[in-house]
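Protein sequence lines, in the order shown, are assigned to chains A and B.
One rule links them: number in this note's numbering = place in the first sequence (from 1) + 8.
One rule links them: number in this note's numbering = place in the second sequence (from 1) + 8.
Read through the structure below, which is laid out as structure tokens, and then see the notes.
Number of protein chains: 2
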Amino acid sequence: MLDSKTLTDMKKAFPFVRDLRNSEGLLRSSARLHQFDAGTVIMDENQNCSGVIFVLSGVIRILKLSEEGKEITLYRISRGETCVLTVACLLGTGDVPFPVSAHAEQDATVVLIPVETFRRLFFESQSVQKFIFSSMSAKFYSVLGLLESITFKRTSDRLKDLLISKTAGGTYPLYATHESIAADLGTAREVVSRLLKDMESKGIVSLSRGKILLLKP
Amino acid sequence: MLDSKTLTDMKKAFPFVRDLRNSEGLLRSSARLHQFDAGTVIMDENQNCSGVIFVLSGVIRILKLSEEGKEITLYRISRGETCVLTVACLLGTGDVPFPVSAHAEQDATVVLIPVETFRRLFFESQSVQKFIFSSMSAKFYSVLGLLESITFKRTSDRLKDLLISKTAGGTYPLYATHESIAADLGTAREVVSRLLKDMESKGIVSLSRGKILLLKP
């Protein structure tokens, strides 16, 4: 059951909720508010989905793990977004289950809409369909961009792109471990450490424990 | 204008057409049948979409080109399928255009539904929406699978996977150039040639001009 404050906040973050009319009561009575601390594993691979999450605050990282424990960040979702892969799992043909994991990267507040309620809202409301469709397109594009970058770019260039984007072109320091950068890039920690050392020796970055300064973007 | 035979064939390949009722006339009068010879570039990157294609026969390859002319096959579409990226382009938020190319890999027959007609059918018919949604989910999954394989697998293993799948485990020879295999894998022709020579020296494949036999799957 959602309280009025959460429902109001949900309408702000997810405009489609305003168009639900008759089903607003159903949403309110069946949805649940959940809070996850940074670092929590929200959903593990191969776990069954009990519903669809809608993010009100914080950041959730959607990632894929390899059998050897390597990982790659597929995309992140934050306020106003949902995990389209869960939706595809629940509404799709069901032929091709594709397991991914969801980790809270920052403290996160989400509304979980149970499967049955979500299915009903989706097939009843064009606003829900439009929202899900454009979310899915956007994440599809972003995964294609990632695929393009992995296929055509060298890891060193991808690392530099990541540093530029995460430090706003060298304006702020980046607080991150080599391991978390490796997970973002889908490479091994050793590769990131070696590339960063290379960049340090060329004066491009300055490294200290858990902190990276980009000197020459 | 579609003739009766094409319309009947379209209903077989795309069951959602049977549910159109009032809009069937609109579809019939505005859609066009197109034929493409193998090798034709159907859509180039950055080209505007004049409509959505629905494949009645043949195979169309959806690919991404790098600035240096390298390419990678994202997925293929054949009878009963549509190019979901075109749909996402036309119906999505339009914020993130993502250019891909479509090449006829085999002689192909497609029905092209013009943008305006397609939009109307999509928002009028739940059958169209379900079809598009499950097509998009399926291709999203397949691109995620590709991303996973590129990130976590060695190129030599990906080449072996491709040979196994394209020769039905060594049952048939594969007629393909090293260049076309490289395009499928998103790597350079030289890499494929080197890996195949390696496999030949180990007795895994037998190579002759344009033909590859997989001896030990």
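Every residue gets a Cβ at the ideal spot worked out from N, C-alpha and C, and that includes glycine.
Review point. Can you list, in chain order, the residues of the segment 137-166 of chain B whose Cβ is nearer than 9 Å to any Cβ on chain A?
Key: Listed in chain order, the positions of the segment 137-166 of chain B with a beta carbon within less than 9 Å of a beta carbon of chain A are GLN137, LYS138, ILE140, PHE141, SER142, MET144, SER145, ALA146, LYS147, PHE148, TYR149, SER150, VAL151, LEU152, GLY153, LEU154, LEU155, GLU156, ILE158, THR159, PHE160 and LYS161.
Check your understanding: Comparing alpha-carbon positions, which option in LEU222(B), VAL213(B), LEU223(B) and ILE189(B) lies nearest LYS78(B)?
Key -> ILE189(B)
**Study point:** Proximity to CYS57(B) [Cα-Cα], best of LEU204(B), LEU98(B), ASP115(B) and LEU215(B)
**Key:** LEU98(B)
Exercise for review: Give the interface partners of SER74(B) over in chain A, defined as CB-CB distance under 8 Å, in chain order.
Suggested key: GLU156, THR159 and PHE160
Check your understanding: Got a sec: is the Cβ-Cβ distance from LYS168(A) to anything in chain B below 7 Å?
Key -> Contact with chain B is absent for LYS168(A), since none of that chain's Cβ atoms lies less than 7 Å from the residue's Cβ.
Review point. According to DSSP, is MET51(B) helix, strand or coil?
Key: strand
Practice item. Can you give me, in chain order, the residues of the segment 193-210 of chain B that have a beta carbon less than 7 Å from any beta carbon in chain A? Key: GLY194
Check your understanding: With SER116(A) and PHE44(A) assumed to form a contact (beta carbons below 8 Å), what rounded beta-carbon distance in angstroms separates them?
Key -> Checking the displayed sequence, the identity of residue 116(A) turns out to be Ala instead of Ser. Confirmed, about 5 Å.
Check your understanding: If you compare alpha carbons, which of LEU73(B), VAL213(B), LYS19(B) and ASP206(B) is closest to THR175(B)?
Key -> VAL213(B)
Check your understanding: Smallest Cα separation from SER145(A): which of VAL92(A), SER133(A), GLY177(A) and GLY33(A)?
Key -> VAL92(A)
**Study point:** Interface residues of the segment 15-31 of chain B facing chain A [CB-CB below 9 Å]
**Key:** Those residues of the segment 15-31 of chain B that come within reach of chain A (Cβ to Cβ, closer than 9 Å) do not exist; the list is empty.
Practice item. Specify the secondary structure class of LEU73(A) as computed by DSSP and reduced to three states. Key: strand
**Study point:** Cut-off 8 Å between Cβ atoms - residues of its own chain near HIS186(B), not counting five sequence neighbours on either side
**Key:** Result list for HIS186(B): ARG197, VAL200, SER201 and LEU204, in chain order.
**Study point:** Any C-beta of chain A under 7 Å from that of ILE80(B)
**Key:** yes
Check your understanding: In terms of alpha-carbon separation, which member of ASP11(A), LYS147(A) and ASP52(A) lies closest to THR90(A)?
Key -> LYS147(A)
Review point. Taking any Cβ of chain A, which residues in the segment 170-188 of chain B have a Cβ under 7 Å from it, in chain order?
Key: Answer in chain order: no residues at all.
**Study point:** CB contact below 7 Å: ALA96(A) versus chain B
**Key:** yes
Review point. Is VAL151(B) near LEU82(B), with beta carbons less than 7 Å apart?
Key: yes
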